[in-house]
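The numbering of the sequence shown is UniProt numbering, which starts it at 1 and goes up by one.
Cβ coordinates follow ideal geometry from the N, Cα and C atoms, glycine included.
Only one structure is covered here, and it is reproduced in the block below.
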Amino acid sequence: MAYAPVGGGIAMLFTHTSGEVASPVIVFLHGAGLSGRMWKPQMESLSDSYYCLAPDLPEQGQSLQAGPFKLEDAARQVISLIQERVPARRVHLVGLSLGAAVALAVMRLAPDHVDHAIITGTAPLNAYGKFVIALIPLMKLFNIEKQVDASYKQFGIPDEYRADFREDLLLSTTSEFTRHSIEALIDLNQLLPTDVEIPTLVAVGGKENGVARRGPEHLPAASKTPKVYLFPTSATSGICRPRPLHHHRSQLDRRPPPARHPAIPHIM
Numbered sequence: 001m002a003y004a005p006v007g008g009g010i011a012m013l014f015t016h017t018s019g020e021v022a023s024p025v026i027v028f029l030h031g032a033g034l035s036g037r038m039w040k041p042q043m044e045s046l047s048d049s050y051y052c053l054a055p056d057l058p059e060q061g062q063s064l065q066a067g068p069f070k071l072e073d074a075a076r077q078v079i080s081l082i083q084e085r086v087p088a089r090r091v092h093l094v095g096l097s098l099g100a101a102v103a104l105a106v107m108r109l110a111p112d113h114v115d116h117a118i119i120t121g122t123a124p125l126n127a128y129g130k131f132v133i134a135l136i137p138l139m140k141l142f143n144i145e146k147q148v149d150a151s152y153k154q155f156g157i158p159d160e161y162r163a164d165f166r167e168d169l170l171l172s173t174t175s176e177f178t179r180h181s182i183e184a185l186i187d188l189n190q191l192l193p194t195d196v197e198i199p200t201l202v203a204v205g206g207k208e209n210g211v212a213r214r215g216p217e218h219l220p221a222a223s224k225t226p227k228v229y230l231f232p233t234s235a236t237s238g239i240c241r242p243r244p245l246h247h248h249r250s251q252l253d254r255r256p257p258p259a260r261h262p263a264i265p266h267i268m
């Protein structure tokens, strides 16, 4: 797997890559406080068939200097990445958590660049977001390292990836980034795509928090043909684990008629 900063234009995102440039392209957008390397298992298993790009989003990972994180700015940097690194300028877009919010903004701002989309773990925030922002000063009362360690079990992080997971979260768990990420989800209300033709799969984990589970209620307008799939026993949608996405990888670049749809037809 190769790693390279992206420059030129407005994109200044450190980007993890795998596969051949001539292959169909998947852009993976990571969860809040993590980095593109969270997608390493998927990128390794898909690299024989796809060119995979996983940028570190602004204010996270090795793109700390590309911040502060603002939703529209992050989306435009991803668009610039696609324009600079993808000859056909058309990709499959996979977004988790905060990365899913960025993916939705990309779908609104540059729908012609997106072939299919998989969205999971996000929803616009309103009053609840403002409530969370008001609690940010209390972060200093909590032991951040213990919280990070406790999250291993919550999210089912395999032992071999825990060091990377811990390093990324400790780097970005600051009151400033927390505020910026919550503000981004409030801003998502104005950046949701509307009336687009992009085949979109919304995946939900049955044990996710209430905000994530309610995500599909807010997203029907994001695509004319959205599909929702529930992973009943998972604390995440399951797409961020190697097996489900790898199992369906041969279907990602199919272009079925609108009545069938999309990114993971076997699940559908």
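Residue i, DSSP secondary structure in three states
i, result
"Ser151", "helix"
"Ala32", "coil"
"Ile198", "coil"
"Leu191", "helix"
"Leu13", "coil"
"His246", "Model confidence at His246 stands at a pLDDT of 37, short of 50, so the residue's coordinates are unreliable and nothing is read from them."
"Ile239", "For Ile239, the predicted model reports a pLDDT of 42, less than 50, meaning its position is unreliable; a value from the coordinates is still stated below. DSSP places Ile239 in coil when its eight states are reduced to three."
"Ile264", "For Ile264, the pLDDT reaches just 41, beneath the cut-off of 50, and the residue's location in the model is therefore unreliable, although a value from the coordinates is still provided. Here Ile264 sits in coil by DSSP."
Assumed close pair residue i, residue j - CB separation to whole angstroms, cut-off 8 Å
i, j, result
"Pro111", "Pro199", "The pair is not a contact, with the Cβ atoms about 12 Å apart (cut-off 8 Å)."
"Leu104", "Ile119", "6 Å"
"Leu34", "Leu169", "7 Å"
"Ile26", "Val94", "6 Å"
"Met12", "Gln77", "7 Å"
"residue 269", "Gly99", "Here the chain has residues from 1 to 268 only, and residue 269 is not among them."
"Ile144", "Thr173", "5 Å"
"Ser18", "Ser49", "Contact doesn't hold; Cβ gap of about 11 Å is too wide."
"Leu109", "Leu29", "Incorrect: roughly 14 Å between the Cβ atoms, too far for contact."
"Val102", "Ala75", "5 Å"
"Glu20", "Tyr51", "6 Å"
Identity of the residues DSSP links to residue i by a beta bridge
i, result
"Ser18", "Cys52"
**Message:** Give the list of continuous alpha helix (DSSP H) stretches no shorter than 4 residues that lie fully inside the stretch 155–184.
**Reply:** 162–172
**Request:** Run through the UniProt domain "AB hydrolase-1" (26–137) for me and flag every whole alpha helix (DSSP H) of 4 or more residues, listed as ranges in chain order.
**Result:** 40–46, 71–85, 98–109 and 127–135
**Touching by the beta-carbon criterion (3+ pairs, under 8 Å), the stretch 33–48 and the stretch 64–73** = no
**Message:** Three or more C-beta pairs under 8 Å: does that hold for the stretch 146–158 against the stretch 85–104?
**Reply:** no
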